[in-house]
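Here is the structure we will look at, set down as structure tokens.
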Amino acid sequence: MGADTPPARLDHHALERSETAWLGVAVVMTALLFVGVLASVVSGTYPSLKADAGHAHVGGIVRGRVDPKNLAATPFAKPGLVVDAAGQPMVNDQGTLDAYLVAGNFTFQPAVLRVPAGVPVTLHVTATDVAHGFQVTGTTINAEILPGHVAALTVTFRHPGEQHAICNEYCGVGHHNMITRFIVEPPTQPTSKETK
Ligand SMILES: [Cu+2]
Numbered sequence: 044m045g046a047d048t049p050p051a052r053l054d055h056h057a058l059e060r061s062e063t064a065w066l067g068v069a070v071v072m073t074a075l076l077f078v079g080v081l082a083s084v085v086s087g088t089y090p091s092l093k094a095d096a097g098h099a100h101v102g103g104i105v106r107g108r109v110d111p112k113n114l115a116a117t118p119f120a121k122p123g124l125v126v127d128a129a130g131q132p133m134v135n136d137q138g139t140l141d142a143y144l145v146a147g148n149f150t151f152q153p154a155v156l157r158v159p160a161g162v163p164v165t166l167h168v169t170a171t172d173v174a175h176g177f178q179v180t181g182t183t184i185n186a187e188i189l190p191g192h193v194a195a196l197t198v199t200f201r202h203p204g205e206q207h208a209i210c211n212e213y214c215g216v217g218h219h220n221m222i223t224r225f226i227v228e229p230p231t232q233p234t235s236k237e238t239k
């Protein structure tokens, strides 16, 4: 028993109060995380991937899913802008044009996509082999493309010009070759059937 000076007394009550408060914060954050994860599972959402819900049953595409081995039975068999017999872009039920793009084998199809400026276009994108990225340079158009899933992005290109769609997720040795030329044409282009 020496002549130790007793340590300065800590205010244990104050410490316990702040500990309890921070414990409460942690519990609330954990609860929010749990609810968030549960909600995303229930609603079937995926980060940066919107299910193609607007086209619940377009040939072979069912609720944003598609058989990557049988794209021949889907609109992906003819990548590009959907046009009618006269070659004019067709407006769908949602009032947008449709374009189908396929990522796979280190390419995007089509290699060149022409879209009219000022008209909403829904880009339907899927992959045949592995996960790819799909980003249109200079825009916020950016999605992860997975085999079996259809990402649907409705966009309106305001200004004519040329941009590139690139793969921004490393997918293998030919990754750097994955580029599609996006050509936005002046809005004077005739658009679609005028029925309705
Ligand atoms: Cu890639």
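Residue numbers (my numbering): 44 to 239.
Even for Gly, the Cβ is constructed at its ideal location relative to N, Cα and C.
Pairwise C-alpha distance: residue j and residue i
{"i": "G191", "j": "V145", "result": "11 Å"}
{"i": "D136", "j": "V71", "result": "44 Å"}
{"i": "P153", "j": "T223", "result": "7 Å"}
{"i": "A186", "j": "H207", "result": "14 Å"}
{"i": "N113", "j": "L66", "result": "53 Å"}
{"i": "T183", "j": "F119", "result": "23 Å"}
{"i": "L76", "j": "E212", "result": "27 Å"}
{"i": "T171", "j": "G181", "result": "26 Å"}
{"i": "L53", "j": "A64", "result": "18 Å"}
{"i": "V85", "j": "A57", "result": "42 Å"}
Contact test: residue i Cβ vs ligand 1 heavy atom, cutoff 6 Å
{"i": "M72", "result": "no"}
{"i": "H218", "result": "yes"}
{"i": "H175", "result": "yes"}
{"i": "M133", "result": "no"}
Beta-carbon proximity list for residue i, same chain, < 8 Å, skipping 5 on both sides
{"i": "M221", "result": "A146, F149, T150, F151, H175, I209, C210, C214"}
{"i": "V126", "result": "P132, M133"}
{"i": "E228", "result": "R157, V158, P159, A160, P203"}
{"i": "E62", "result": "none"}
Rounded distance between the beta-carbons of residue j and residue i, thought under 8 Å
{"i": "H167", "j": "A195", "result": "5 Å"}
{"i": "V109", "j": "T169", "result": "6 Å"}
{"i": "T139", "j": "T197", "result": "6 Å"}
Contact set for residue i: own chain, Cβ-Cβ below 7 Å, skip 5 residues either direction
{"i": "T201", "result": "It should be pointed out that residue 201 corresponds to Arg in this sequence rather than to Thr. Answer for R201: A160, G161, listed in chain order."}
{"i": "P122", "result": "Y143, L144, V145, Q152, P153"}
Beta-carbon contacts of residue i that lie in its chain and below 6 Å, excluding the five residues immediately before and after
{"i": "G217", "result": "F149"}
{"i": "V193", "result": "D95, I104, G107, V109, H167, T169"}
{"i": "T199", "result": "P163"}
{"i": "V249", "result": "Limits of the chain in this structure are 44 at one end and 239 at the other, which puts residue 249 out of reach."}
{"i": "L124", "result": "P132, A142"}
{"i": "I226", "result": "R157, E205"}
Item checked: Uninterrupted beta strand (DSSP E) stretches inside the segment 153-210 (no shorter than 3 residues) -> 155-159, 163-170, 175-179, 185-188, 194-199, 204-209
Next item on the list: Give, in chain order, every unbroken run of the beta strand (DSSP E) that is at least 3 residues long and sits entirely within the segment 116-159.
Entry: 140-147, 150-152, 155-159
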